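If you want the numbering used here, it's the 1-based position in the sequence shown plus 45.
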Amino acid sequence: MKITKELLIKNDACREQVDLFCSVFPNGTRVTLATLQKARKNNLDIFWLEKVIPDSAWAKYNEVCNSAWAKYNEVRDPALAKYNEVSDSALVKAFS
Numbered sequence: 046m047k048i049t050k051e052l053l054i055k056n057d058a059c060r061e062q063v064d065l066f067c068s069v070f071p072n073g074t075r076v077t078l079a080t081l082q083k084a085r086k087n088n089l090d091i092f093w094l095e096k097v098i099p100d101s102a103w104a105k106y107n108e109v110c111n112s113a114w115a116k117y118n119e120v121r122d123p124a125l126a127k128y129n130e131v132s133d134s135a136l137v138k139a140f141s
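See below:
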């Protein structure tokens, strides 16, 4: 599937994102790892693509993303707890 300005507008992308997309991909683009990386690097919101995932691919996409999200949370929670511990100590020292 080729992503175009028209596809973004049809799927209710905001004007700012449409303009940004056109500046990054003036001729549109296909969805590849390289183009997704380029889009992220240029602050394009790629999550709207979920609106146009083919029905036949939706279940597998959702399964993979849910698994990745669970793994992210497994490492995020302890890291956040450690950050809070360190920053809380620093905050206490700042007021001592």
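Think of the CB as a built atom: it goes at the ideal place given N, C-alpha and C, for glycine as much as any other residue.
What you are looking at is a predicted structure, and each value in this text was computed from that prediction instead of being measured.
- Residue pairing of residue 47 in beta bridges, as defined by DSSP: 75.
- With 16 or more other Cβ atoms inside 10 Å of its own Cβ, residue 58 counts as buried.
- Under the criterion of beta carbons closer than 8 Å, residue 84 and residue 91 qualify as touching, at roughly 5 Å.
- Here residue 67 is not near residue 86, since their CB atoms are 9 Å or more apart.
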